[in-house]
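Q: Using this note's numbering, you'd call the opening residue of the sequence shown number 3 and step up by one each time. By construction, the Cβ of each residue, glycine as well, lies at the ideal position given by its N, Cα and C atoms. Note that the structure is predicted; figures quoted are calculated from it, not measured. What follows is a structure written as structure tokens; I'll ask about it next.
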Amino acid sequence: MAKNLTDSAIDRQNILNNPFAVAEIQKSIGMKGVEFKGRLLVLKEQVAAFFEVSPRTIDNYLSNNENELHQNGYEVLRGKALKEFKLALSDGDVHETDFVNIMKTPQLGVFDFRAFLNLAMLITESERARLLRQAMLDIVIDTINSRTGGGTKYVNQRDEDFVVSYFVEENYRKQFTDALRDCVDMGNFKYPMYTDKIYVSIFREKAKEYRKILRLQEKEEVRNTFYSEILDLIASYECGFAALLQQQYSEYGRKLTSFEVDALFLQFEAQAHWKPLIEKFRMKMASRDLAFRDALHERLKEYVTPLQAEEFERFIGEKSAELNKRIEEAKDVMKRLKERE
Numbered sequence: 003m004a005k006n007l008t009d010s011a012i013d014r015q016n017i018l019n020n021p022f023a024v025a026e027i028q029k030s031i032g033m034k035g036v037e038f039k040g041r042l043l044v045l046k047e048q049v050a051a052f053f054e055v056s057p058r059t060i061d062n063y064l065s066n067n068e069n070e071l072h073q074n075g076y077e078v079l080r081g082k083a084l085k086e087f088k089l090a091l092s093d094g095d096v097h098e099t100d101f102v103n104i105m106k107t108p109q110l111g112v113f114d115f116r117a118f119l120n121l122a123m124l125i126t127e128s129e130r131a132r133l134l135r136q137a138m139l140d141i142v143i144d145t146i147n148s149r150t151g152g153g154t155k156y157v158n159q160r161d162e163d164f165v166v167s168y169f170v171e172e173n174y175r176k177q178f179t180d181a182l183r184d185c186v187d188m189g190n191f192k193y194p195m196y197t198d199k200i201y202v203s204i205f206r207e208k209a210k211e212y213r214k215i216l217r218l219q220e221k222e223e224v225r226n227t228f229y230s231e232i233l234d235l236i237a238s239y240e241c242g243f244a245a246l247l248q249q250q251y252s253e254y255g256r257k258l259t260s261f262e263v264d265a266l267f268l269q270f271e272a273q274a275h276w277k278p279l280i281e282k283f284r285m286k287m288a289s290r291d292l293a294f295r296d297a298l299h300e301r302l303k304e305y306v307t308p309l310q311a312e313e314f315e316r317f318i319g320e321k322s323a324e325l326n327k328r329i330e331e332a333k334d335v336m337k338r339l340k341e342r343e
């Protein structure tokens, strides 16, 4: 999916919140500045020179995007912090004229590397900024792919919670299909039909639509791509609705018709306690799929938000791992769960 970073605050923030990609971009650029309190800082004049624009142009972007740039590392130094920074300047690569002017100023705006990248994703007048944006997108894709073994379709399985959630949902799935078998007077079509009802209720897509968005092949299972939280919510639906079917079956003393099951499901999904869970998990699913899989769920696009750094650590950081490793780690947990059955 083509991304226009100058137009999309979410795409910009997803790059800036990805510490692994930012580190690779910094290595690639080799940006020089002043080391100050563990950060690489550059001056407005240095930034203007890099992008081959005037300092006034930088001022305009600062004025029009003040909150975003401050959030991502732009800072105005005053007082003690400014005095300490001025002392650090003697070791930095600063033009003599700029150095003299800085020594006289009562306050000074500085960009750390994330703020510098943020500005690069905003400036439209600079050819250098355009080229940097292209390089950034390539580096982000390469970084995610390299940390996930070449593909992101199953990035969900790198989460340490995935294996247990998958195993638990599998058990509730069996309860659900057993209830459909024993309590609903329909043919085998009922299994995919009511599975789709759950999917549509949670993330507004039938299995076929979801498969198309994630570009799944015929033999690839949808459930294998779900994040652990989505599996947990599906399991809750399956468990709860299976119990309702069994209750109604006992009360009627016969199998339910499709009309009765549809009406029962409408009542079930309308229960108020589902709303906050569904809202939360739609946001997670839509935001993660856009950031990691470059997959946009059109029906969930209003739920897309930038991922925080913790999300990148969770799925592509040192704590994430391949599925076979997760299975080994989870064997004891799964054994205990099975013993409770």
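Taking the Cβ atom as the reference point for each residue, do residue 157 and residue 150 lie within a distance shorter than 8 angstroms?
A: Cβ atoms of residue 157 and residue 150: closer than 8 angstroms.
Q: In the DSSP assignment, what residue or residues form a beta bridge with residue 41?
A: According to DSSP, which records beta bridges pairwise, residue 41 is partnered with 38.
Q: What does a CB cutoff of less than 7 angstroms around residue 20 pick up in its chain, not counting 5 residues either side in sequence?
A: Counting only Cβ-Cβ distances below 7 angstroms, and skipping sequence neighbours, we find 142, 314.
Q: Just to confirm, is the Cβ distance from residue 14 to residue 120 under 8 angstroms?
A: It is a contact, given that the beta carbons lie within the stated cut-off.
Q: Once the 5 residues before and after residue 168 are set aside, which same chain residues still bring their CB inside 7 angstroms of it?
A: Taken in chain order, the residues that qualify are 233.
Q: Mind checking which residues open and close the alpha helix (DSSP H) that includes residue 250?
A: Where residue 250 is concerned, the enclosing alpha helix (DSSP H) stretches over 230 to 254.
Q: Are the beta-carbon atoms belonging to residue 283 and residue 317 less than 8 angstroms from one another?
A: No, Cβ-Cβ distance for residue 283 and residue 317 is not below 8 angstroms.
Q: Taking C-beta to C-beta, are residue 74 and residue 117 nearer than 8 angstroms?
A: Yes.
Q: Tell me residue 111's beta-bridge partners as DSSP assigns them.
A: In DSSP, residue 111 forms a bridge with 78.
Q: Please determine if the region 208 to 215 and the region 261 to 275 are in contact, where contact requires at least 3 C-beta pairs separated by less than 8 angstroms.
A: They do not touch, by the three-pair rule.
Q: Just grab the DSSP bridge partners of residue 186 for me.
A: Residue 186 is bridged to 258.
Q: Taking the alpha carbon of residue 205 as the reference point, which residue from 35, 222, 299 has its own alpha carbon closest?
A: The shortest C-alpha separation from residue 205 is found at 299.
Q: DSSP three-state label for residue 125, please.
A: The answer is coil: DSSP assigns residue 125 none of H, G, I, E or B.
Q: When the cut-off is 8 angstroms and only beta carbons count, does residue 33 lie next to chain C?
A: The structure shown contains no chain C; it holds only a single protein chain.
Q: Once you ignore the five residues that flank residue 208 on each side, which residues in its own chain have a CB closer than 7 angstroms to its CB?
A: Once the five neighbours on either side are set aside, the close Cβ partners of residue 208 are 198, 201, 202.
Q: Measure the beta-carbon distance from residue 53 to residue 104 and round it to whole angstroms, keeping in mind my assumption that it falls under 8 angstroms.
A: In fact, because the Cβ distance is near 20 angstroms, the residues do not count as touching under 8 angstroms.
Q: Return the first residue and the last residue of the alpha helix (DSSP H) that residue 23 is part of.
A: Counting along the chain, the alpha helix (DSSP H) containing residue 23 begins and ends at 21 to 31.
Q: Can you list, in chain order, the residues of its chain with a C-beta nearer than 8 angstroms to that of residue 246? Leave out the 5 residues immediately preceding and following it.
A: The answer, listed in chain order, is 266, 270.
Q: According to DSSP, is residue 135 helix, strand or coil?
A: Looking at residue 135 - three-state DSSP - the assignment turns out to be helix.
Q: Excluding the 5 residues flanking residue 56 on each side, which residues of the same chain have their C-beta closer than 7 angstroms to its C-beta?
A: Correct list, in chain order: 50.
Q: According to DSSP, is residue 73 part of a helix, a strand, or is it coil?
A: Three-state result, residue 73: helix.
Q: Nearest CA to the CA of residue 87: which residue from 221, 39, 235?
A: Ranking the options by Cα distance to residue 87, first place goes to 39.
Q: Go ahead and label residue 322 buried or exposed: buried means 16 or more other beta carbons lie within 10 angstroms of its beta carbon, across all protein chains shown.
A: With 16 or more other Cβ atoms within 10 Å, it is buried.
Q: Just to confirm, are residue 109 and residue 78 a CB contact at a threshold of 8 angstroms?
A: Yes; because the gap between Cβ atoms is below 8 angstroms, this pair is in contact.
Q: Please look up how many angstroms separate the CB atoms of residue 17 and residue 138, rounded, as I've assumed it's under 8 angstroms.
A: Going by Cβ atoms, the distance from residue 17 to residue 138 rounds to 6 angstroms, so yes, they are a contact pair.
Q: Label residue 135 either buried or exposed according to how many other C-beta atoms from any shown protein chain fall within 10 Å of its C-beta, with 16 as the threshold for buried.
A: Residue 135 comes out buried.
Q: Apart from the five residues on each side of it in sequence, which residues of its chain come closer than 8 angstroms, Cβ to Cβ, to residue 303?
A: Closer than 8 angstroms at Cβ, skipping near neighbours: 288.
Q: Kindly indicate which three-state DSSP category residue 278 falls into: helix, strand or coil?
A: Note: residue 278 maps to helix in three-state DSSP.
Q: Taking the alpha helix (DSSP H) that residue 16 belongs to, which residues open and close that run?
A: Note, residue 16: alpha helix (DSSP H), 11 to 18.
Q: Could you check what DSSP says for residue 8 in three-state terms: helix, strand or coil?
A: Coil.
Q: Reducing DSSP to helix, strand and coil, say where residue 99 ends up.
A: Note on residue 99: pLDDT 48, under 50, position unreliable in the model; no value is reported.
Q: If you drop the 5 nearest sequence neighbours on each side, which residues of the same chain put their C-beta closer than 6 angstroms to that of residue 263?
A: 186.
Q: Rounded to whole angstroms, what is the Cα-Cα separation between residue 85 and residue 171?
A: Each residue's Cα considered, the two are about 59 angstroms apart.
Q: Does residue 133 pass the burial test, meaning 16 or more other C-beta atoms within 10 Å, or should it be called exposed?
A: Counting Cβ neighbours within 10 Å, residue 133 comes out exposed, since fewer than 16 surround it.
Q: Let me know the secondary structure DSSP gives residue 321 once reduced to three states.
A: Of the three classes helix, strand and coil, the one that applies to residue 321 here is coil, per DSSP.
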